[in-house]
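Novice:
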Amino acid sequence: MNPHTNVKKILVPVPLTQDFSVPLEQALYFHRVYRSEIILLHVVKGFSLFHKVMDPDKPGMHNRLAMTRLRRLVDHYFQGEIPENVTFRMVSGDLIPSILKTARVMECDLIIIKKAKRIRRRFRKAENADKLIAEAVCPVLTIMDRPTSETIKNILIPVDIFKKTSYKVAWSISLARKFGAKLHIASVLQMDIKMEDSLAYKKSRKIEMDIRKKGIDVETVILKADGKAAHEVVLEHASHLKPDMMLIMTHQESILFDNYLGSFATEIIHKSKVPVFSVVPRKENIVDMYMDSSLTRIYQSVYQET
């Protein structure tokens, strides 16, 4: 297996509430097929210098109490027998930077989080999930309400015709092979042209053939936009297909800002009812995307497809 698509270590940031069980349950499903180590991380808000000076023992005591509470929650979940592959880690600091640093230091292959509900603001502020996914060194699996079923059988893969997809396809093959899942490729056609002549059809068919060569069950569908945004079309298709999981590529629209996901990825992550596996391009792929940007603009000026 390609080492970049293996899942040896899973980082699961958790709160000290019953919600901790949702990402943990998902991590256990991955462990059963990848034999992964699961690292449960709780981030304690750091104390100011003033509080540390006034009461030097308080931060340590606070952290110990938080760790005790987390262990009790997990112990209750496993009915007193915590598996050896489940470990604990407690850090102090700001939430997202602490998660990112831990994932990097621990060399994690996947981060699983239960996403908080999106808050609408007059002046939009980036959500925690957006920041985490945009800057993560590994894929991030976000869960809205419930994890996937224990046996992942269907994975939906929206395809962007203007972007490189090799890394996303590699992950798709890895997940399909490990879980025995069927892959569903979907591309959105936004121009009123013959489907067989469209870039959406040509690229999707090529990806389908590449996947079939690996012995993976796959099918392709071209979705007509009919004036709708690409993410709306994909989400509508997902509501009918009812996949167990969706797989997308982040950083598809810009590499100028480290925390920029792109509008399509953002909408899918925040509106999908099924868990979303967000693949972060490796650095060399991001550079390739940037080098191809001039071609992208030319194509987009001729065809309005996604």
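The numbering of the sequence shown is the working numbering, which starts it at 116 and goes up by one. In this text, a Cβ means the ideal position worked out from N, Cα and C, and glycines have one as well.
By a C-beta neighbour count over all protein chains shown, 10 Å radius and 16 as the cutoff for buried, is Met360 buried or exposed?
Specialist: In the sequence shown, the residue the question calls residue 360 occupies position 245. When all chains shown are included, Met360 counts as buried.
Novice: Go through the region 199-259 residue by residue and report every complete run of the beta strand (DSSP E) that reaches 3 residues or more, in order.
Specialist: 201-207, 225-229, 255-258
Novice: Kindly list the residues whose CB is nearer than 7 Å to the CB of Met259, restricted to its own chain and excluding five residues on each side of it in sequence; keep chain order.
Specialist: The sequence position of residue 259 within the sequence shown is 144, counting from 1. Answer for Met259: Lys230, Ser387, Lys388, listed in chain order.
Novice: Using 10 angstroms around the beta-carbon of Ala394, count the other beta-carbons present and answer buried if the total reaches 16, otherwise exposed.
Specialist: Counting from one through the sequence shown, the residue named residue 394 turns up at place 279. One detail in the question is off: residue 394 reads as Val in this sequence, not Ala. Buried, since its Cβ has 16 or more Cβ neighbours within 10 Å.
Novice: Suppose only complete runs of 3+ residues qualify. What are the beta strand (DSSP E) ranges in the region 297-376, listed by chain order?
Specialist: The qualifying runs are 297-304, 333-339, 360-364.
Novice: Does Glu152 pass the burial test, meaning 16 or more other C-beta atoms within 10 Å, or should it be called exposed?
Specialist: Within the sequence shown, numbered from 1, the residue matching residue 152 stands at position 37. Buried is the label assigned to Glu152, since at least 16 other Cβ atoms lie within 10 Å of its Cβ.
Novice: Grab me the residues of Val284's own chain with a C-beta within less than 7 Å of its C-beta, minus the 5 sequence neighbours each way, in chain order.
Specialist: Numbered from its first residue, the sequence shown carries residue 284 at position 169. Closer than 7 Å at the Cβ level, and outside the excluded window around Val284, lie Ile322, Asp325, Ile326.
Novice: For a test of the three-state rule: what should DSSP assign to Leu271, helix, strand or coil?
Specialist: Against the sequence shown, residue 271 aligns to sequence position 156. Residue state for Leu271 is assigned as strand, using DSSP reduced to three classes.
Novice: Alpha carbon to alpha carbon, what distance is there between Ala301 and Lys160?
Specialist: Along the sequence shown, read from residue 1 onward, the residue named residue 160 stands at position 45. Along the sequence shown, read from residue 1 onward, the residue named residue 301 stands at position 186. So the alpha carbons of these two residues sit roughly 42 Å apart.
Novice: With DSSP run on the structure shown, which of helix, strand or coil describes Val189?
Specialist: Walking along the sequence shown from the start, residue 189 turns up at place 74. Looking at Val189 - three-state DSSP - the assignment turns out to be helix.
Novice: Can you look up Lys386 in the DSSP assignment and give me helix, strand or coil?
Specialist: Taking the first residue of the sequence shown as position 1, residue 386 is located at position 271. If DSSP states are grouped into helix, strand and coil, Lys386 belongs with the helices.
Novice: Below 8 Å on the Cβ atoms is my guess for Leu356 versus Ser287; work out the distance and round it to an integer in Å.
Specialist: Position 241 of the sequence shown holds residue 356. Position 172 of the sequence shown holds residue 287. The pair is not a contact, with the Cβ atoms about 15 Å apart (cut-off 8 Å).
Novice: In whole angstroms, what is the alpha-carbon distance linking Tyr282 and Pro396?
Specialist: Counting from one through the sequence shown, the residue named residue 282 turns up at place 167. Counting from one through the sequence shown, the residue named residue 396 turns up at place 281. Between Tyr282 and Pro396, the C-alpha separation is close to 7 Å.
Novice: Which class does Glu131 belong to by DSSP, given the choice of helix, strand or coil?
Specialist: Translated into positions along the sequence shown, residue 131 becomes position 16. Reading off the sequence shown, one finds Leu at residue 131, where the question assumed Glu. The answer is coil: DSSP assigns Leu131 none of H, G, I, E or B.
Novice: Tell me Glu152's beta-bridge partners as DSSP assigns them.
Specialist: One-based indexing of the sequence shown puts residue 152 at position 37. Looking at the DSSP assignment, Glu152 forms a beta bridge with Lys124.
Novice: DSSP state of Ser264, grouped into three classes?
Specialist: Translated into the one-based positions of the sequence shown, residue 264 becomes position 149. Ser264 falls in the coil class under three-state DSSP.
Novice: Pick out whichever of Ser207, Asn269, Ser378, Asn121 has its Cα sitting closest to the Cα of Val333.
Specialist: Position 218 of the sequence shown, counting from 1, holds the residue named residue 333. Measuring from the Cα of Val333, the nearest candidate turns out to be Asn269.
Novice: Which of the three DSSP states, helix, strand or coil, is assigned to Val395?
Specialist: Taking the sequence shown and counting its residues from 1, one reaches residue 395 at position 280. In the structure shown, Val395 sits in coil (DSSP, three-state: anything other than H, G, I, E or B).
Novice: Between the region 217-225 and the region 244-257, can you find at least three pairs of beta-carbon atoms closer than 8 Å?
Specialist: yes
Novice: Looking only at DSSP bridge pairs, what is Val284 linked to?
Specialist: Position 169 of the sequence shown, counted from the start, is the residue given in the question as residue 284. In the DSSP output, where bridge partners are listed per residue, Val284 has none listed.
Novice: How would you call Phe379, buried or exposed, if buried means at least 16 neighbouring beta carbons within 10 angstroms?
Specialist: In the sequence shown, counting from the first residue as 1, residue 379 sits at position 264. The residue in question, Phe379, is buried, as its Cβ has 16 or more Cβ neighbours within 10 Å.
Novice: Apply the 10 Å Cβ neighbour rule to Phe294 and answer buried if 16 or more other Cβ atoms are within range, or exposed otherwise.
Specialist: Position 179 of the sequence shown, counted from the first residue, corresponds to residue 294. Classification for Phe294: buried.
Novice: May I have the straight-line CA-CA distance separating Phe203 from Val189, to the nearest angstrom?
Specialist: Position 88 of the sequence shown, counted from the start, is the residue given in the question as residue 203. Position 74 of the sequence shown, counted from the start, is the residue given in the question as residue 189. The alpha-carbon atoms of Phe203 and Val189 are separated by roughly 10 Å.
Novice: Within its chain, find whatever has a CB closer than 8 Å to the CB of Ile226; leave out the 5 residues flanking it on each side and keep chain order.
Specialist: The count along the sequence shown starts at 1 and reaches residue 226 at position 111. The beta carbon of Ile226 sits closer than 8 Å to those of Ile125, Leu126, Val127, Pro128, Ile214, Ala218, Leu247, Ala251, Cys253, Pro254, Val255, Leu256, all from its chain and outside the five residues before and after it, given in chain order.
Novice: Going by the beta-carbon positions, is the gap between Leu338 and Leu314 smaller than 8 Å?
Specialist: If you number the sequence shown from 1, residue 338 lands on position 223. If you number the sequence shown from 1, residue 314 lands on position 199. For Leu338 and Leu314, no; Cβs fall outside 8 Å.
Novice: For Arg237, count neighbouring C-beta atoms within 10 Å of its own C-beta (all shown protein chains included) and say buried if the count is 16 or more, exposed if not.
Specialist: The residue labelled residue 237 in the question sits at position 122 within the sequence shown. Residue placement at Arg237 is poorly supported in this model, since its pLDDT is 41, which falls under 50; the coordinates are not used for a value here.
Novice: Is Pro262 closer than 8 Å to Val148 when the C-beta atoms are compared?
Specialist: Numbered from its first residue, the sequence shown carries residue 148 at position 33. Numbered from its first residue, the sequence shown carries residue 262 at position 147. Annotated as distal: Val148 and Pro262, with beta-carbon spacing of 8 Å or more.
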